[in-house]
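Residue numbers (our numbering): 4 to 453.
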């Protein structure tokens, strides 16, 4: 029996976030009828990998706003009222004879607005640019995460379809085995065949039952994996509405596919944004060693009480010039340059990886299509051979060894055809992933996702 490739059982700690979903809602009493588009839509709503990527976008957005605040005006207000008693001698004032050394107690009322504004600060400006690039990289990460979720959800659905098709094939094989067993029993009663032929047919029937049981268990496991990925409510029963069929992808040359991948892959675009962020971060550290200009101002009323207070203000312009920082800036610059080289190397590596992903996907797609064609012809041949063997056995020309062998060939050919169909569709999905833009493909072939 041919079985579909699947991962071994793993705990939640070792599974990829994209293999896990966050269940939402309560299970309904009626089974859900899921299409592949429904599965993808639910995956985009509940898959853990995508949810985590979206949260990282929020974190990056918050960091950008904090960096922006360093360049925007900072306005605050304060109202204070105090009661004081001051010893003037403690401050070293020369007091004339008879002048009291202690003044007060008295009240001081002060209502004031404070303003600070950066006028020229290359460090803060480049910090903002770096965080803006990081936020854009996080958005591209979300785009890439959506492509991954679509691929994982569609592949899990396809695997469940293939496992279901294997169950149907095993059930059909069991029906055939039961019919052959009955045929052998009838011929034995007529004295046309020996008892060993009946026993052989019975063993074949029991073997086919075991295959059906194993196929059903594999089908249920594949459905559980799909439910886990797309975050179905716990215990929710569902059926697969679509049927397994070949997925046709538009013809592209390898060069066209590679160029499209460089423009559409979210992970590569995110890597380029991280390079730009590292460049801006280096420029920000260089800006630490340059002068900066900041203006501070305040305006308010001050007096013994609100009724007799008077306006006062202060405006200060400050030029800050770093002189000696003990090698702090040089050390941070060395770290930033190393990080920049790492980001560039990661981007170059990812670019090369995309090229090889596309080439491998084309090879897998070609091999999958050829395997599917061969499997289809082998299935037709096995079916014809089984028909001939049954006719020869019924005519008494041969024993049922030939029939059993032909039945095994049919079972193997059916399983290989389903496995080839699954492998071909998987290769198509891998090509979609290699190119990027999986949502466009889903929209084109399955009516899109909401």
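Ideal placement from N, C-alpha and C gives every residue a C-beta, glycine not left out.
Candidates the options: closest to residue i by CA position
{"i": "residue 77", "options": "190, 119, 110 and 108", "result": "119"}
{"i": "residue 110", "options": "98, 129, 83 and 40", "result": "83"}
{"i": "residue 461", "options": "327, 304 and 326", "result": "One cannot answer for residue 461 here, as it falls past the ends of the chain, which runs 4 to 453."}
{"i": "residue 43", "options": "30, 178 and 21", "result": "21"}
{"i": "residue 103", "options": "89, 368, 114 and 256", "result": "89"}
{"i": "residue 87", "options": "74, 79, 71 and 106", "result": "106"}
{"i": "residue 336", "options": "300, 347, 285 and 302", "result": "285"}
{"i": "residue 19", "options": "98, 157, 339 and 232", "result": "232"}
{"i": "residue 340", "options": "297, 228 and 280", "result": "280"}
{"i": "residue 368", "options": "436, 293, 342 and 36", "result": "436"}
{"i": "residue 122", "options": "323, 201 and 223", "result": "323"}
{"i": "residue 126", "options": "383, 294, 165 and 306", "result": "294"}
{"i": "residue 379", "options": "357, 219 and 413", "result": "413"}
{"i": "residue 172", "options": "136, 372 and 415", "result": "415"}
{"i": "residue 239", "options": "309, 152, 338 and 226", "result": "226"}
{"i": "residue 345", "options": "384, 282, 27 and 23", "result": "282"}
{"i": "residue 47", "options": "30, 35 and 23", "result": "23"}
{"i": "residue 342", "options": "71, 357, 330 and 288", "result": "288"}
{"i": "residue 124", "options": "73, 377 and 98", "result": "73"}
{"i": "residue 270", "options": "179, 137 and 100", "result": "137"}
{"i": "residue 193", "options": "398, 26 and 34", "result": "398"}
{"i": "residue 220", "options": "95, 168, 364 and 306", "result": "168"}
{"i": "residue 242", "options": "80, 163 and 27", "result": "163"}
Residue i: first and last residue of the uninterrupted alpha helix (DSSP H) it sits in
{"i": "residue 326", "result": "Run containing residue 326: none; DSSP gives neither H nor E here."}
{"i": "residue 60", "result": "51-72"}
{"i": "residue 1", "result": "Any answer about residue 1 is impossible in this case: the structure gives the chain only from 4 up to 453."}
{"i": "residue 199", "result": "198-233"}
Burial state of residue i (16 or more Cβ within 10 Å)
{"i": "residue 185", "result": "exposed"}
{"i": "residue 40", "result": "buried"}
{"i": "residue 407", "result": "buried"}
{"i": "residue 333", "result": "exposed"}
{"i": "residue 130", "result": "buried"}
{"i": "residue 427", "result": "buried"}
{"i": "residue 419", "result": "buried"}
{"i": "residue 134", "result": "buried"}
{"i": "residue 65", "result": "exposed"}
{"i": "residue 396", "result": "buried"}
{"i": "residue 291", "result": "buried"}
{"i": "residue 431", "result": "buried"}
{"i": "residue 366", "result": "exposed"}
{"i": "residue 68", "result": "exposed"}
{"i": "residue 441", "result": "buried"}
{"i": "residue 361", "result": "buried"}
{"i": "residue 200", "result": "buried"}
Extent of the continuous beta strand (DSSP E) run through residue i
{"i": "residue 288", "result": "Careful: residue 288 lies outside any beta strand (DSSP E), inside the alpha helix (DSSP H) at 269-291."}
{"i": "residue 302", "result": "295-306"}
{"i": "residue 243", "result": "241-243"}
{"i": "residue 35", "result": "35-37"}
Chain D within 8 Å of residue i, Cβ atoms only
{"i": "residue 105", "result": "The structure shown contains no chain D, having only a single protein chain."}
Check your understanding: In the stretch 74-150, which residue ranges form an unbroken beta strand (DSSP E) of at least 3 residues, counting only runs that do not cross its ends?
Key -> 77-90 and 105-123
Review point. Can we say the stretch 51-67 touches the stretch 141-156, given the rule of at least three CB pairs closer than 8 Å?
Key: Enough Cβ pairs lie closer than 8 Å, so yes.
Check your understanding: Pairing CB atoms from the stretch 59-70 with CB atoms from the stretch 130-147, are three or more of them under 8 Å?
Key -> yes
Check your understanding: Are three or more beta carbon pairs between the stretch 348-361 and the stretch 263-283 nearer than 8 Å?
Key -> yes
Check your understanding: Touching or not, the stretch 252-266 and the stretch 379-388, by the rule of three or more beta carbon pairs under 8 Å?
Key -> no
Point to revise | Complete alpha helix (DSSP H) runs within the stretch 404-447 (minimum length 4 residues, chain order) | key: 404-438
**Study point:** Stretch-stretch touch, CB-based, cutoff 8 Å, three pairs: the stretch 291-305 with the stretch 351-370
**Key:** no
**Study point:** contact_flag[the stretch 227-247, the stretch 157-169] where n(CB pairs < 8 Å) is 3 or more
**Key:** yes
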